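Using my numbering, the first residue of the sequence shown is number 24, and each one after it goes up by one.
Heads up, the thing below is written out as structure tokens.
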Amino acid sequence: LVRVMVSGPASASVRLPVEAPVEGGRPSPGGWDNQTSSGNRPTAVGLAAERSRLEASGLPHDVVATIQSARAPSTIASYAAKWAAFQKWCTERNVQALSCQLADVLSFLQILMDRGLAFSTIKTYAAAISSCHQGFGDRSVFNHPLTKRFLKGVRRNRPVSRPLFPQWDLTVVLHGLSKAPFEPLDQVSLKFLSLKTALLLALASVKRVSDLTALSVAPACLRIREDGGSAVLCPNPAFVPKNINTSFKSRSISLAGLFPPPHNSEEEAASHLLCPVRALVRYVSRTSGIRRSQNLFVHYRESSLGQALTAQRLSHWLCDAISLAYTSSGQDSPEALRAHSARGISSSMALHSGVSMEDICQAASWASSCSFTRYYLRDVSSGSITRSVLGPQQAE
Numbered sequence: 024l025v026r027v028m029v030s031g032p033a034s035a036s037v038r039l040p041v042e043a044p045v046e047g048g049r050p051s052p053g054g055w056d057n058q059t060s061s062g063n064r065p066t067a068v069g070l071a072a073e074r075s076r077l078e079a080s081g082l083p084h085d086v087v088a089t090i091q092s093a094r095a096p097s098t099i100a101s102y103a104a105k106w107a108a109f110q111k112w113c114t115e116r117n118v119q120a121l122s123c124q125l126a127d128v129l130s131f132l133q134i135l136m137d138r139g140l141a142f143s144t145i146k147t148y149a150a151a152i153s154s155c156h157q158g159f160g161d162r163s164v165f166n167h168p169l170t171k172r173f174l175k176g177v178r179r180n181r182p183v184s185r186p187l188f189p190q191w192d193l194t195v196v197l198h199g200l201s202k203a204p205f206e207p208l209d210q211v212s213l214k215f216l217s218l219k220t221a222l223l224l225a226l227a228s229v230k231r232v233s234d235l236t237a238l239s240v241a242p243a244c245l246r247i248r249e250d251g252g253s254a255v256l257c258p259n260p261a262f263v264p265k266n267i268n269t270s271f272k273s274r275s276i277s278l279a280g281l282f283p284p285p286h287n288s289e290e291e292a293a294s295h296l297l298c299p300v301r302a303l304v305r306y307v308s309r310t311s312g313i314r315r316s317q318n319l320f321v322h323y324r325e326s327s328l329g330q331a332l333t334a335q336r337l338s339h340w341l342c343d344a345i346s347l348a349y350t351s352s353g354q355d356s357p358e359a360l361r362a363h364s365a366r367g368i369s370s371s372m373a374l375h376s377g378v379s380m381e382d383i384c385q386a387a388s389w390a391s392s393c394s395f396t397r398y399y400l401r402d403v404s405s406g407s408i409t410r411s412v413l414g415p416q417q418a419e
């Protein structure tokens with residue numbers, strides 16, 4: 024049994040870590056004034072705490088290193104920052120973070136809930152603490168029955184919320200991408216060519232930003248038909264995707280050309296302006312002379328011209344492209360744009376256009392169809408994913 028002991032008032036303030044945005048996200052609420060010294064950064068502290076716990080259980084150093092490499096770098100950084108926040112909270116109450124009572128952990132999580140944090144954020148805090156805490160016998164903090172019941176309570180009181188309707192109108196964006204400053208494609212600046220190519224690829228592939236930044240122009244990773252009818256893109260072989268053990272795993276991106284010439288109507292010619300293969304061909308050609316990396320997407324600014332793009336910068340590209348497309352269409356840009364919204368809108372449009380759930384999950388590399396329906400599906404009541412998303416849209 025776990026004794027219910029709480030050191031210090033449960034309502035005391037908690038300073039939360041400000042983490043680097045991942046895939047276009049925003050920092051966690053609250054502030055954290057770098058409470059660890061420059062030589063003792065949160066990531067190192069979190070890894071060291073977990074390493075000590077694992078080694079104390081009798082595991083060899085090399086085994087511990089392999090275990091710790093199971094998490095993605097972004098997850099390691101997130102866990103470490105959250106562990107550091109919990110560790111400071113415990114220090115202020117003269118409590119040992121590594122071996123404190125379960126009541127202390129739950130009191131800390133309760134403060135987070137009282138501050139209005141989402142269930143997913145609180146759950147991540149619990150997982151981060153559990154990764155470093157020594158646990159209670161053969162149970163970790165996260166797997167303790169009381170923790171499980173607490174998180175169920177949080178979920179009931181903080182249900183997962185998602186917008187029922189798209190954050191922006193795909194029809195408006197596609198209309199804007201068909202006009203200046205994104206056309207004529209052979210005459211626009213590298214900036215607008217880059218933004219248009221990135222957004223069309225994101226919409227047609229339904230991939231994460233991290234997946235898109237891993238794409239390569241190496242001959243083994245990029246194949247484009249001479250007539251522009253299709254293209255296949257693959258990531259750098261060293262890239263490790265977020266979901267590495269999903270049955271829906273799909274590393275390559277297959278793009279279908281959208282009404283390649285010759286055109287049989289003005290409508291086909293207009294739709295061809297949104298062809299991702301067309302934009303890809305122009306982009307690869309325009310960047311061939313400035314490249315300093317084999318990554319597909321490279322910087323267009325003079326200060327870093329030709330250097331590989333980070334996922335965070337590509338997220339900004341996608342948001343800028345959506346905003347500029349709205350401006351091109353004569354409408355005000357939506358507020359608080361998120362690059363990740365492109366996945367939800369394009370996958371929802373594909374589903375409503377008749378693409379199967381399995382094909383969508385395969386393309387997006389979602390672990391299950393539940394991920395799509397719970398977090399991404401939108402009401403977009405307006406074949407291949409490329410044509411269903413980027414093809415002619417019916418006006419409301």
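Where a beta carbon is used, it is the ideal one built from N, C-alpha and C, also for glycine.
Just so it is clear, the structure is predicted and the values come from calculations on it, not from any experiment.
- The Cβ-Cβ distance between S253 and V300 falls below 8 angstroms.
- Restricting attention to alpha helix (DSSP H) runs no shorter than 4 residues, the stretch 123-164 encloses them at 125-137 and 142-155, ordered along the chain.
- Straight-line measurement puts the Cα of L70 at about 8 angstroms from the Cα of I99.
- Sequence-distant partners of Q330 (beyond 5 residues in either direction) whose C-beta falls short of 7 angstroms from its own C-beta, in its chain, are R315, S316, V321 and H322.
- Note on geometry: alpha-carbon atoms of D161 and T170 lie some 15 angstroms from one another.
- Relative to S294, the option among L281, R76 and L77 whose CA is nearest is L281.
- Taking a contact to require three or more Cβ pairs closer than 8 angstroms, the stretch 74-85 and the stretch 101-110 do not qualify as touching.
- Relative to T194, the option among N318, E358, R231 and S351 whose CA is nearest is S351.
- Burial state of K175 is exposed, judged by a 10 Å Cβ sphere holding fewer than 16 other Cβ atoms.
- Between V255 and S275, the gap from beta carbon to beta carbon is short of 8 angstroms.
- Rounded to the nearest whole angstrom, the C-alpha separation of Y148 and H198 is 42 angstroms.
- For V87, the CB contacts under 8 angstroms within the same chain, skipping 5 residues up- and downstream, are R74, L77 and E78 in chain order.
- In this structure, A151 is the residue among A151, W340 and R336 with its C-alpha nearest to the C-alpha of R94.
- In the structure shown, P96 adopts helical secondary structure according to DSSP, grouped into three states.
- C342 and R138 have their alpha carbons spaced roughly 29 angstroms apart.
- In the DSSP assignment, the residues bridged to A279 are S253.
- In the DSSP assignment, R305 falls outside any beta strand (DSSP E) and within the unbroken alpha helix (DSSP H) covering P299 to T310.
- The alpha carbon of R248 has as its nearest neighbour, out of V263, S228, A279 and K219, the alpha carbon of A279.
- In the DSSP annotation of this structure, I247 is not part of any alpha helix (DSSP H); the continuous beta strand (DSSP E) holding it starts and ends at L245 to I247.
- In the three-state scheme derived from DSSP, where H, G and I count as helix and E and B as strand, P258 is classed as strand.
- H156 sits buried, since 16 or more C-beta atoms from the chains shown fall within 10 Å of its C-beta.
- Scanning P242, P284, R246 and T236 for the CA closest to the CA of V263 turns up T236.
- For N180, the uninterrupted alpha helix (DSSP H) segment begins and ends at P168 to N180.
- Beta-bridge pairing by DSSP links V321 to A331.
- Between the alpha carbons of C244 and D127 lies a gap of roughly 51 angstroms.
- Exclusion of the five residues before and after K146 leaves L174 as the residues of its chain whose Cβ lies within less than 7 angstroms of its Cβ.
- Rounded to whole angstroms, A141 and N117 show a C-alpha spacing of 28 angstroms.
- In this structure, L347 sits away from L208, with a CB-CB distance that is not shorter than 8 angstroms.
- Under DSSP, L200 forms no beta bridge with any residue.
- CA-to-CA, the gap between L222 and H167 works out to about 44 angstroms.
- Straight through space, the alpha carbons of P182 and N287 are spaced by roughly 51 angstroms.
- Taking the Cα positions, R324 is about 12 angstroms away from W340.
- Q190 sits close to P357, with the two beta carbons spaced by under 8 angstroms.
- Excluding residues up to 5 positions away in sequence, A302, L303 and Y306 lie with their Cβ nearer than 7 angstroms to the Cβ of T220 in the same chain.
- The C-alpha of P260 is placed about 12 angstroms away from the C-alpha of P242.
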